[in-house]
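A.B. asks:
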Amino acid sequence: MAKKKLRDPEAEPEVSKTRKSSRKSATAKEIKPFRMTGKPKKAINHKPSDILAISVKDALSGNNGKSAIREDFDFRKEQEVLPETGLVKSPAKKSVASGTKKETTEKPVKKSVPAVKAKARGKGRKIFVIDTSVILYNHDSINNFEDNDVAIPITVLEELDNFKKGNDTINFEAREFIRIIDTLSDHATLTEWIPLVKSKGGLFKVVMNEKSGLDARKIFDDNKPDHRILNAALGLVEEYPDRKVVLVSKDINLRLKAKSLNIPAEDFLTGKVKDVEGLYTGISTINNLSSRIIDKLYQNGYCLPRDIGVKSPVPNHYFILRNTTTSALAFYNAMTKRVERIEKRQAFRITPRNAEQVFAMHAILNPEVKLVTLQGVAGTGKTLLALAAALEQKRNFKQVFLARPIVPLSNKDIGYLPGDIKSKINPYMEPLYDNLKFIQSQYGEKDKEFKSITESLENEKLVIQPLAYIRGRSISNVCFIIDEAQNLTPHEIKTIITRAGQGTKIIFTGDIYQIDTPYLDAQSNGLSYLIDKVKHHSIYAHVRLEKGERSELANLANDLL
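Following my numbering, the numbering of the sequence shown begins with 3 at its first residue and continues without gaps.
Next comes the structure, spelled out in structure tokens:
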């Protein structure tokens with residue numbers, strides 16, 4: 003009996019396919035397997051950069067996540083990248099039935115932006131998780147962490163989406179930050195570590211996973227954005243155990259919550275004055291001077307800095323010179339390099355009542371000084387002196403512009419107030435009108451000075467407006483007074499000063515200890531920042547007013563309450 007030939011069960015599907023295809027197309031050509039003739043050529047040596055990197059996901063099969071690759075299998079040895087086409091040449095597989103090699107196939111490689119592995123970075127580099135408050139304080143904050151990495155929770159982007167509409171400074175900061183992120187992620191996805199161009203080698207990414215083993219939402223029993231940001235930080239601590247993760251926020255309460263979860267937390271320190279108590283005052287008192295030097299100051303009107311024991315004088319710095327019998331007020335003129343005596347002057351019948359006010363009046367009336375800052379507690383006469391001195395020299399300017407930042411009660415939008423825009427803004431401008439009315443009260447209604455103030459308001463020679471409308475303007479030949487400057491951020495201060503054109507004088511007044519804006523304090527507000535940064539410049543003068551002159555009742559409250 004003839005033996006039956008066993009069929010190869012694996013080869014039969016190929017035969018059936020050939021039969022079906024031959025029925026459809028009679029003219030189909032038979033494809034012969036490629037066979038090499040002659041001696042095989044020497045293998046091509048490739049650089050490590052030519053080898054295709056394969057991720058763990060590509061190496062795992064769908065069988066419950068178990069690896070489908072042999073332990074001794076090496077992709078770098080088995081695969082070959084064709085240098086001209088960038089395609090991968092798959093290794094020849096042996097057929098189980100026949101033992102012959104199958105022809106090679108070429109698979110296209112999908113090109114993508116390579117992700118930077120943060121775990122491979124040095125342990126000394128930190129990961130800073132920044133809060134929404136930091137971005138609203140400074141849109142360029144992401145570039146101020148040197149060579150460390152920055153993580154942005156997705157909740158922060160969601161909160162910024164609520165701030166992007168509007169004309170306030172925080173709306174501008176939100177929009178600018180969104181533009182920066184969009185530019186940096188032009189050729190990458192935000193879930194990868196992306197290089198920061200302006201930093202010293204730092205990276206950033208958006209944290210999508212806001213879940214961790216320790217859930218802040220359950221601990222604090224609330225699913226609020228702050229708690230989701232804390233979860234993002236906790237997740238990074240678990241993901242990168244070898245690196246220090248720090249939460250950066252201007253919100254003190256959020257920092258306290260982070261520390262309660264064992265997460266290091268810091269304030270955003272860029273633009274922050276380290277020593278507020280040692281902030282530049284603009285005034286020095288020199289006692290026990292020789293009567294001969296003070297007499298010389300009165301006779302000649304000046305003396306040299308070495309006469310009063312000053313080796314390196316600061317431009318426009320003010321001096322109170324005293325001995326047992328007499329005293330004199332003076333300032334250092336950087337143009338003449340002399341210490342010149344100051345006489346008490348009045349402006350619109352507003353007379354200085356102490357030495358500090360004499361210095362403040364002199365600084366505003368000095369045509370060589372283009373930038374003046376007056377800092378002092380309530381009742382020291384900052385706004386009144388600035389307004390009176392500005393009106394005194396209004397002929398030298400095209401316009402006197404008074405402005406102050408609008409900080410509504412409980413930081414609610416003024417749009418909820420009744421009336422048109424003028425009716426909404428007027429309550430916040432009333433302090434400026436109060437000082438203007440006080441100056442007018444020094445004259446009778448028939449006096450020309452009284453009428454000139456009224457006419458200046460009507461002809462917009464004297465303009466009182468909120469500070470929100472300053473962006474985009476170019477202010478030339480204007481005396482510009484900004485009241486309550488302590489409620490401005492350093493970036494807002496810079497925005498205002500950069501608006502100044504030719505012939506413009508800018509005066510900032512405020513109390514760095516009386517701040518109404520959230521996320522600002524005595525160290526980080528714009529007025530403290532300005533005083534600390536621009537001292538020692540010849541066109542700048544600063545005076546700290548300490549003695550209250552409003553009334554005895556106001557002084558009592560400042561001293562005892």
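Quick reminder that beta carbons are idealized off the backbone N, C-alpha and C, glycines included. Quick caveat: nothing in here was measured; it's all calculated off a predicted structure.
1. Assuming V371 contacts A559 under a Cβ cut-off of 8 angstroms, what Cβ separation, rounded to an integer in Å, is found between them?
2. DSSP has G378 in a bridge; who is on the other side?
3. Is the beta carbon of D151 less than 8 angstroms from the beta carbon of I129?
4. Suppose you measure from the CA of H364 to the CA of I344; what does that come to, to the nearest Å?
5. Are the beta-carbon atoms belonging to I514 and S530 less than 8 angstroms from one another?
6. Is it the case that the segment 296-308 contacts the segment 334-342, given that we only count it when at least three CB pairs across the two stretches are under 8 angstroms?
7. Report all residues from its chain with a CB closer than 7 angstroms to the CB of V480; omit the five preceding and five following residues, and keep chain order.
8. How is the beta strand (DSSP E) around I352 delimited, first residue to last?
9. Pop quiz: A349 and A390 are said to be a contact at Cβ under 8 angstroms. What is the actual Cβ separation, rounded to whole angstroms?
10. Answer with buried or exposed for R546, where buried requires no fewer than 16 other C-beta atoms within 10 angstroms of its C-beta.
11. Pick out the complete beta strand (DSSP E) segments inside the segment 517-561, 3 residues or longer, and give them in chain order.
12. Here's a check: name, in chain order, each residue in its chain whose Cβ is nearer than 6 angstroms to the Cβ of T171, leaving out the five neighbours to either side.
13. Would you verify that the beta carbon of L529 is, or is not, closer than 8 angstroms to some beta carbon of chain D?
14. For Q516, tell me which candidate among L291, Q488 and I231 has the shortest Cα-Cα distance.
15. Kindly indicate which three-state DSSP category Y1 falls into: helix, strand or coil?
16. By a C-beta neighbour count over all protein chains shown, 10 Å radius and 16 as the cutoff for buried, is Y521 buried or exposed?
17. I231 and D163 look like a contact to me (Cβ under 8 angstroms); what is the Cβ gap, rounded to whole Å?
18. Going by the CB atoms, is the gap between L367 and R347 shorter than 8 angstroms?
19. Compute the distance between the beta-carbons of T511 and T385, then report whether it is under 8 angstroms.
20. Which residue's Cα is closest to the Cα of K202: E451, R127, Y139 and E268?
21. What are the start and end residues of the beta strand (DSSP E) that includes Y139?
22. Assuming N255 is part of the alpha helix (DSSP H), what are its boundary residues?
23. For F130, list the residues DSSP reports as bridge partners.
24. Check V278 in the structure and name its three-state DSSP category.
25. Use the C-beta contact count for G280: other C-beta atoms within 10 angstroms, 16 or more gives buried, fewer gives exposed.
26. The ligand FAD heavy atoms versus the CB of L563: any closer than 7 angstroms?
27. I'd like to know whether the C-beta atoms of L205 and N145 end up nearer to each other than 8 angstroms.
28. Could you pull out every residue in the same chain whose Cβ sits closer than 7 angstroms to the Cβ of N173, ignoring the five residues on either side in sequence?
29. I believe G528 touches T382 by the beta-carbon criterion, under 8 angstroms. Please report the beta-carbon distance rounded to the nearest angstrom.
30. Run the CB neighbour count on D228, radius 10 Å, all protein chains shown included, and call it buried at 16 or more, exposed below.
31. Taking the continuous beta strand (DSSP E) assigned at F482, which residues delimit it?
32. So, using beta-carbon positions, are E486 and R406 closer together than 8 angstroms?
33. Can you have a look at P429 and say buried or exposed, based on whether 16 or more other CB atoms are within 10 angstroms of its CB?
34. For the segment 439-473, list the alpha helix (DSSP H) runs that are entirely contained and at least 4 residues long, ordered along the chain.
35. Grab the span of the beta strand (DSSP E) containing T338 for me, first residue to last.
C.D. replies: Taking the geometry as given:
1. Not confirmed; about 33 angstroms, so no contact.
2. Partner(s): L547.
3. Yes, the pair counts as a contact, with Cβ atoms nearer than the cut-off.
4. Rounded to whole angstroms, H364 to I344 spans 8 angstroms at the Cα level.
5. Closer than 8 angstroms, so yes.
6. The segment 334-342 vs the segment 296-308: in contact.
7. Here the set comprises F399, K400, Q401, F403 and T506.
8. For I352, there is no enclosing beta strand (DSSP E), as DSSP gives it neither H nor E.
9. About 4 angstroms separates the beta carbons of A349 and A390, which is inside the 8 angstroms limit, making them a contact pair.
10. Looking at its Cβ environment, which holds 16 or more other Cβ atoms inside 10 Å, R546 is buried.
11. Considered as a whole, the segment 517-561 harbours 542-547 as its complete beta strand (DSSP E) runs of no fewer than 3 residues, in chain order.
12. Closer than 6 angstroms at Cβ, skipping near neighbours: E494.
13. As a matter of chain content, chain D is missing from the structure shown, which is built from one protein chain.
14. Comparing alpha carbon positions, the residue from L291, Q488 and I231 closest to Q516 is Q488.
15. Residue 1 falls outside the range modelled here, since the chain spans only 3 to 563, and no answer is possible.
16. Under this definition Y521 is a buried residue.
17. In fact, because the Cβ distance is near 15 angstroms, the residues do not count as touching under 8 angstroms.
18. A Cβ-Cβ contact shorter than 8 angstroms links R347 with L367.
19. Contact: yes.
20. Taking each of E451, R127, Y139 and E268 in turn and checking the Cα distance to K202, the smallest one comes out for R127.
21. Looking at the DSSP string, Y139 is not in any beta strand (DSSP E); the run it does join, the alpha helix (DSSP H), is T134 to Y139.
22. Counting along the chain, the alpha helix (DSSP H) containing N255 begins and ends at I254 to S262.
23. Beta-bridge pairing links F130 to V152 and V248.
24. Secondary structure of V278 (DSSP, three-state): coil.
25. By the neighbour-count rule (16 or more Cβ atoms within 10 Å), G280 is not buried but exposed.
26. Within the structure as shown, the ligand FAD is missing, as the structure has no ligands at all.
27. Contact flag unset, no.
28. Counting only Cβ-Cβ distances below 7 angstroms, and skipping sequence neighbours, we find F165, K166 and K167.
29. The pair is not a contact, with the Cβ atoms about 19 angstroms apart (cut-off 8 angstroms).
30. When all chains shown are included, D228 counts as buried.
31. Counted as a single uninterrupted DSSP element, the beta strand (DSSP E) harbouring F482 occupies residues V480 to I484.
32. Note that the C-beta distance between E486 and R406 is below 8 angstroms.
33. P429 counts as exposed, since fewer than 16 other C-beta atoms from the protein chains shown sit within 10 angstroms of its C-beta.
34. With a minimum length of 4 residues, the unbroken runs of alpha helix (DSSP H) contained wholly in the segment 439-473 fall at 450-460.
35. Neither: T338 is in no beta strand (DSSP E) and is coded neither H nor E.
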